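Okay, structure first, notes after.
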Amino acid sequence: MTKKILLLALLSNILPFGNAWLGSINAQEADRYVGYQHVKFQTACHPKDVKTYDTKTLRERFVMEKVMEADSILLTYSHYDRFIFGGAMPVTKTLKLENFWELGLDVDKTIPEKYFMYNRELGVVNCGLGEGVVIVDGKEYPLQPKEALYIGRGHIGKDKKGNSIDENKSVEFRSSDPKKPAKFYLNSATAHQHYKTQWITLDGRKGSLKAAVWGPVGSVEEANSRTVYKLIVNDVLEEGPCQLQLGLTQLNPGAVWNTMPPHTHGRRIEAYYYFNLPKEQTISHVMGEPQESRAVWLHNEQAIMSPEWSMHAAAGTYYYTFIWGMAGENLYYNDKDNIPVIDIR
688 MTKKILLLAL LSNILPFGNA WLGSINAQEA DRYVGYQHVK FQTACHPKDV
738 KTYDTKTLRE RFVMEKVMEA DSILLTYSHY DRFIFGGAMP VTKTLKLENF
788 WELGLDVDKT IPEKYFMYNR ELGVVNCGLG EGVVIVDGKE YPLQPKEALY
838 IGRGHIGKDK KGNSIDENKS VEFRSSDPKK PAKFYLNSAT AHQHYKTQWI
888 TLDGRKGSLK AAVWGPVGSV EEANSRTVYK LIVNDVLEEG PCQLQLGLTQ
938 LNPGAVWNTM PPHTHGRRIE AYYYFNLPKE QTISHVMGEP QESRAVWLHN
988 EQAIMSPEWS MHAAAGTYYY TFIWGMAGEN LYYNDKDNIP VIDIR
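Every number in our numbering is 687 more than the matching position in the sequence shown, counting from 1.
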């Protein structure tokens, strides 16, 4: 009987935090489902461990096998810089981005309203063939293919009476034509400050900000001729971002390589999303430490996380387009360490 009493006393001291503690363990083991929203989790990995991984383990730790699914929001929550990447593909429904337990809002009882954007900024790019609409607190932003939207942190602060001041509590996605659905690729990072919602286009038409064009980059001789469009970066936006940077790179016909020569950037992570690739073609994404390189074969509409210690480059069996999204220590676009190609092993 005494042992039972001691055990109950011990549990009573642990269990006040118990739900949060157990929840954090479960977060590593189980996916999260909130209606049509499905969230997977990837923990951070040490490079000394990664070099021992087999193909299956390497893919489980870094690859998002499916990014787009009809009438669903699919997300990967990475413990690298708490970065979230994934896709929303509305066809017959309007899809709403939902809060989930691992964002930590449910743990803090002082937060009156719990929503995805409370402590986050979000970048959205339409990677589909048809127009889509992003609806932020009821305001509609139509996005043509390859156009982007930056949505700032929702929680602004408190008024003099202590009431919470919030915006961007609701973010929804809709396709203009179900026969040509939009495919919204999403990147999200934690944010310390609120910035206004900003619409970015390639042509800079009225009401939008014009993407910065870098290129053409590379050459035909090196099979890496491409154009880089900076969409969500601090020299394009009028305000922000906090730490999220995002852009689109389009390879020219005949080009196969991107980011060659490769580089690392120890002060930020980067996620790649490959699309506009014929279904019978493939891409070999190169990752790992320069002296311990690994090839990960990816197909159309798949994504991969690149840790801060990993180089990143890729070659396709056909030309393609990809979205790069970054978060980390600073907003200096060229903060990187180039790797001579002859040093790669």
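The beta carbon of each residue, even a glycine, is placed where N, CA and C say it ideally should be.
These figures come from a predicted structure and were not determined experimentally.
Rounded straight-line distance, which links the Cα of residue j to that of residue i
i        : j        : result
Ala-899  : His-766  : 30 Å
Gly-710  : Ser-912  : Reliability of the predicted coordinates at Gly-710 is poor, the pLDDT of 40 falling under 50, and no value is obtained from them.
Thr-779  : Ser-759  : 10 Å
Thr-951  : Pro-865  : 40 Å
Asp-770  : Leu-889  : First, the residue type needs correcting, since residue 770 is Phe and not Asp in the sequence shown. Between Phe-770 and Leu-889, the C-alpha separation is close to 25 Å.
His-999  : Lys-893  : 36 Å
Lys-1023 : Thr-739  : 26 Å
Phe-772  : Asn-1017 : 19 Å
Glu-785  : Thr-763  : 14 Å
Pro-903  : Lys-848  : 54 Å
Met-992  : His-733  : 14 Å
Glu-716  : Asp-846  : The pLDDT assigned to Glu-716 is 49, lower than 50, so where the model puts this residue is not dependable; a value taken from the coordinates is nonetheless given after this. In a straight line, the C-alpha of Glu-716 is about 40 Å away from that of Asp-846.
Val-923  : Lys-883  : 13 Å
Cys-929  : Ile-798  : 22 Å
Arg-1032 : Ser-997  : 13 Å
Gly-905  : Val-823  : 38 Å
Within 9 Å, strictly: CB atoms of residue i and residue j
i        : j        : result
Thr-936  : Val-920  : no
Ser-980  : Ala-1001 : no
Asp-1030 : Pro-994  : no
Asn-806  : Gly-841  : yes
Thr-1004 : Phe-962  : no
Arg-719  : Trp-788  : yes
Ile-1010 : Tyr-872  : yes
Pro-832  : Ala-757  : no
Val-750  : Gln-989  : yes
Val-737  : Gly-953  : no
Ala-1014 : Gln-932  : yes
Val-973  : Pro-948  : no
Gln-968  : Asn-987  : yes
Gly-941  : Tyr-1006 : yes
Selected residue, minimal CA-CA separation from residue i, among the options
i        : options                                  : result
Gly-927  : Gln-885, Gln-724 and Pro-734             : Gln-885
Leu-809  : Asn-939, Lys-870, Met-755 and Thr-877    : Thr-877
Leu-896  : Thr-763, Leu-918, Thr-744 and Met-804    : Leu-918
Gly-819  : His-725, Ser-863 and Lys-743             : Ser-863
Gly-825  : Tyr-723, Gly-891, Glu-854 and Asp-846    : Glu-854
Glu-957  : Ala-942, Tyr-1020 and His-879            : Tyr-1020
Glu-800  : Tyr-723, Asn-850, His-986 and Cys-929    : Asn-850
Leu-782  : Cys-929, Leu-761, Ile-798 and Asp-768    : Leu-761
Gln-724  : Val-943, Thr-730 and Phe-803             : Phe-803
Val-821  : Ile-843, Thr-797, Gly-844 and Ile-887    : Ile-887
Val-983  : Arg-748, Ala-731 and Thr-730             : Arg-748
Tyr-959  : Gly-891, Val-754 and Gln-930             : Val-754
Gln-729  : Cys-929, Asp-768 and Thr-742             : Asp-768
Thr-1038 : Ile-1026, Asn-1025, Arg-1032 and Leu-985 : With the chain represented from 688 up to 1032, any question about residue 1038 goes unanswered, as that position is not in the structure.
Val-1028 : Pro-965, Glu-752, Thr-946 and Val-823    : Thr-946
Is the number of C-beta pairs between the region 774-792 and the region 828-848 that are closer than 8 Å three or more? no
Evaluate contact between the region 901-911 and the region 849-860, counting only Cβ atoms and requiring at least three cross-stretch pairs below 8 Å. no
Inside the region 742-783 only - alpha helix (DSSP H) runs reaching at least 4 residues: 742-749
With contact counted as at least three CB pairs below 8 Å, one residue from each stretch, are the region 810-819 and the region 786-793 in contact? no
Segments of 3+ residues assigned as beta strand (DSSP E) that fall wholly inside the region 937-1004: 944-951, 955-962, 970-976, 979-985, 989-993 and 999-1003
Any alpha helix (DSSP H) of 4 or more consecutive residues that is wholly inside the region 776-827: none
Whole runs of the beta strand (DSSP E) within the region 823-886, excluding any shorter than 3 residues: The region 823-886 contains these whole beta strand (DSSP E) runs: 826-830, 835-838, 842-845, 851-853, 858-862 and 871-877.
3 or more residues per run - each beta strand (DSSP E) lying fully within the region 901-941: 913-919 and 932-938, all fully within the region 901-941.
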